[in-house]
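Respectively, the protein sequence lines represent chains A and B.
Quick note: the first sequence, position 35, residue 35 per this note's numbering, numbers continuous.
Quick note: the second sequence, position 4, residue 195 per this note's numbering, numbers continuous.
Protein chains: 2
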Amino acid sequence: MTINHAILGILSCRPMTGYDIKKIIQESDIMHWSGNNNQVYKALIELHGEGLVISEVRYQESLPSKKIYTVTEEGLKVLREWTALEPEPAELRKPFLLQLKWADVLDGAQLQALLANYENQIRICLAMSREKARRGDGLKPRSSRESFLWKMIDKNAVSTYQNELDWIQGVQKQLSELDAGGADKLELQDS
Amino acid sequence: MTINHAILGILSCRPMTGYDIKKIIQESDIMHWSGNNNQVYKALIELHGEGLVISEVRYQESLPSKKIYTVTEEGLKVLREWTALEPEPAELRKPFLLQLKWADVLDGAQLQALLANYENQIRICLAMSREKARRGDGLKPRSSRESFLWKMIDKNAVSTYQNELDWIQGVQKQLSELDAGGADKLELQDS
DNA sequence: TGTCTCATGTAAGGGGTTACATGATTCC
DNA sequence: GGAATCATGTAACCCCTTACATGAGACA
Chain A
1 MTINHAILGI
11 LSCRPMTGYD
21 IKKIIQESDI
31 MHWSGNNNQV
41 YKALIELHGE
51 GLVISEVRYQ
61 ESLPSKKIYT
71 VTEEGLKVLR
81 EWTALEPEPA
91 ELRKPFLLQL
101 KWADVLDGAQ
111 LQALLANYEN
121 QIRICLAMSR
131 EKARRGDGLK
141 PRSSRESFLW
151 KMIDKNAVST
161 YQNELDWIQG
171 VQKQLSELDA
181 GGADKLELQD
191 S
Chain B
192 MTINHAILGI
202 LSCRPMTGYD
212 IKKIIQESDI
222 MHWSGNNNQV
232 YKALIELHGE
242 GLVISEVRYQ
252 ESLPSKKIYT
262 VTEEGLKVLR
272 EWTALEPEPA
282 ELRKPFLLQL
292 KWADVLDGAQ
302 LQALLANYEN
312 QIRICLAMSR
322 EKARRGDGLK
332 PRSSRESFLW
342 KMIDKNAVST
352 YQNELDWIQG
362 VQKQLSELDA
372 GGADKLELQD
382 S
């Protein structure tokens with residue numbers, strides 16, 4: 001999976017400029033690239049060189065001229081082939097889990113603060129993913145099947161964060177029960 | 192979060208060699224680095240230069256000599272400080288979702304195959320995370336509180352994959368219902 | 001004979017990131 | 001006056017990855 005595939009997909013919805021593509025990538029959660037100029041414009045030049053997209057320059061008064069990119073038949077073919085491939089495995093990077101791994105070096109209050117902090121963060125992510133699902137990403141589904149798929153993608157984000165929220169709340173609850181009921185069992189407690 | 196923090200944490204459990212650290216990182220799910228030589232040995236040199244770890248060379252007959260690294264008080268302080276920091280936001284990279292985003296270019300059979308493929312992949316991840324939780328990572332918890340935290344970390348992985356499995360099964364089920372009941376509503380179907 | 005484990009290190013390259021550069025218009 | 005939008009592109013850098021290099025013993 002490279003940003004080139006993402007760009008081909010975006011352009012398959014409608015022709016647009018690198019600037020438009022950049023914004024879509026930046027606002028998307030499933031496209032994990034930053035959407036910086038270097039990447040997007042370089043990728044477009046590459047795709048153009050491979051004949052997967054064509055570009056048409058449109059001059060504008062009092063605004064910089066734009067290059068409008070369109071996918072070619074060849075580009076659609078590459079997109080179709082990539083889409084059907086065995087998916088690359090997901091990479092779930094949760095730095096918080098690594099902090100939690102060594103969190104026994106913290107005292108009770110610090111640990112509670114860390115957990116509460118993460119819960120709050122996840123709440124925000126959950127709210128944002130709901131909001132993004134409501135707003136959409138500026139692309140229009142081309143069929144009812146595509147509309148269904150895109151709704152499912154939004155639901156994936158929401159349910160992922162909801163699951164994480166349930167988990168962190170469980171951790172907090174069980175920890176408070178441990179602190180209350182089983183204090184005598186804990187060996188390294190200072191308080 | 193850098194690999195240096197992960198290494199400080201690992202060494203806080205017990206002194207060991209770069210080679211040992213490498214294996215722990217490679218087998219860990221929450222440490223997302225590949226654990227290649229370049230990274231680990233370079234990080235150890237850096238940590239040593241900063242006085243966060245010290246090393247002792249042990250010569251062995253008929254085996255290469257090893258450098259056994261130990262965290263210093265200063266290193267533990269840095270670990271404690273980092274652990275209590277505001278967690279960096281999670282990065283969830285699911286290439287499959289990007290394939291699904293453009294999957295309307297596929298026909299019905301191809302889409303079903305893609306979904307089934309992902310379900311299978313997630314099943315394997317779920318089984319592996321359960322197995323890893325059972326086996327442990329070779330580090331011994333230093334307190335019952337740490338033991339609890341590590342169990343929760345394992346549960347996080349399991350519940351994440353379980354949630355993903357439930358989701359992909361829901362997608363498949365709803366899609367088959369759409370195909371069966373609402374076929375007339377779909378505009379781009381070839382069959 | 002070939003491959004694996006132990007054990008440390010280096011080299012080369014790819015991909016991603018931020019920041020710079022231009023330049024007119026619009027909005028506060 | 002300063003910042004944001006539109007629009008394209010470049011430069012420098014950092015992190016991470018694979019692959020190479022050494023070299024002895026164990027195992028099939």
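We put the beta carbon where it would ideally sit given N, CA and C, even for glycine.
Per DSSP, residue i is paired with what?
| i | result |
| --- | --- |
| A/Met16 | A/Tyr69 |
Using the C-alpha atoms, what's the distance from residue j back to residue i?
| i | j | result |
| --- | --- | --- |
| A/Ile124 | A/Pro87 | 29 Å |
| B/Gly183 | A/Trp102 | Beyond the ends of chain B as shown, which are 192 and 382, falls residue 183 of chain B; an answer cannot be given. |
| B/Met192 | A/Pro95 | 7 Å |
| B/Glu241 | A/Leu114 | 27 Å |
| A/Arg93 | B/Thr263 | 28 Å |
| B/His196 | B/Ala300 | 47 Å |
| B/Ala371 | B/Gln365 | 10 Å |
| B/Trp453 | B/Val231 | Residue coverage of chain B in this structure runs from 192 to 382, which leaves residue 453 of chain B outside it and unanswerable. |
| B/Ala324 | B/Ile212 | 19 Å |
| A/Glu56 | A/Thr70 | 8 Å |
| B/Ser395 | A/Leu44 | This structure gives no information on residue 395 of chain B, because the portion of chain B shown stretches from 192 to 382. |
| B/Asn308 | B/Arg271 | 42 Å |
| A/Gly138 | A/Ile24 | 8 Å |
| B/Leu288 | B/Ile259 | 43 Å |
| B/Glu265 | B/Asp345 | 29 Å |
| A/Arg142 | B/Asn229 | 47 Å |
| B/Trp273 | A/Ala127 | 27 Å |
| A/Ile168 | B/Gln360 | 25 Å |
| A/Lys42 | A/Leu11 | 16 Å |
| B/Arg249 | B/Met222 | 28 Å |
| B/Ala275 | A/Leu76 | 48 Å |
| B/Glu218 | A/Met16 | 43 Å |
| B/Gln138 | B/Lys257 | This structure cannot speak to residue 138 of chain B, because chain B is shown only from 192 to 382. |
| B/Lys342 | A/Ser144 | 43 Å |
| A/Pro64 | A/Gln121 | 40 Å |
| B/Val296 | A/Glu91 | 25 Å |
| B/Leu340 | A/Asn156 | 26 Å |
| A/Ile13 | B/Val244 | This sequence places Cys at residue 13 of chain A; Ile is not what is there. Rounded to whole angstroms, A/Cys13 to B/Val244 spans 54 Å at the Cα level. |
| A/Gln112 | A/Leu178 | 13 Å |
| B/Lys331 | B/Leu291 | 41 Å |
| B/Ile194 | A/Asn36 | 25 Å |
| A/Ser191 | B/Arg326 | The predicted model places A/Ser191 with a pLDDT of 35, which falls under 50 and marks its position as unreliable; any figure quoted below should be read in that light. Taking the straight line from one Cα to the other gives about 32 Å. |
| A/Asp29 | B/Leu238 | 35 Å |
| A/Arg130 | B/Pro280 | 17 Å |
| B/Ser338 | A/Gln172 | 15 Å |
| B/Ser367 | B/Asp298 | 13 Å |
| A/Val78 | A/Tyr19 | 23 Å |
| A/Ile7 | B/Glu310 | 26 Å |
*Every unbroken alpha helix (DSSP H) within the stretch 244-291 of chain B, with a cutoff of 4 residues, ordered by chain*: 264-274
*Contact set between the stretch 19-44 of chain A and chain B, restricted to residues whose Cβ is under 7 Å from the partner*: Ile30, Met31 and His32
*Counting only runs of 4+ residues fully inside the stretch 299-362 of chain B, write out the alpha helix (DSSP H) ranges in chain order.*
299-326
_Within 8 Å of chain B by C-beta, residues of the stretch 68-86 of chain A in sequence order_ = Leu76, Leu79, Arg80, Trp82, Thr83, Ala84, Leu85 and Glu86
*Counting pairs of Cβ atoms below 8 Å between the stretch 345-358 of chain B and the stretch 151-164 of chain A, do you hit three or more?*
yes
*asked:* Closer than 7 Å between beta carbons: that is the criterion. Which residues of the stretch 91-106 of chain A meet it against chain B?
replied: Glu91, Leu92, Arg93, Lys94, Pro95, Phe96, Leu97, Leu98, Gln99, Leu100, Lys101, Trp102, Ala103, Asp104, Val105 and Leu106
*If you measure beta-carbon to beta-carbon, which residues of the stretch 326-338 of chain B are closer than 7 Å to chain A?*
Arg333, Ser334, Ser335, Arg336 and Glu337
*Could you please tell me which residues of the stretch 236-250 of chain B, in chain order, have their CB closer than 7 Å to any CB of chain A?*
none
*Could you name the residues of the stretch 158-172 of chain A whose beta carbon sits closer than 7 Å to any beta carbon of chain B, in the order they occur along the chain?*
Ser159, Thr160, Asn163, Trp167 and Val171
_At a CB distance below 7 Å, what residues from the stretch 298-313 of chain B approach chain A? Give them in sequence order._
Gln301, Leu305, Asn308, Tyr309 and Gln312
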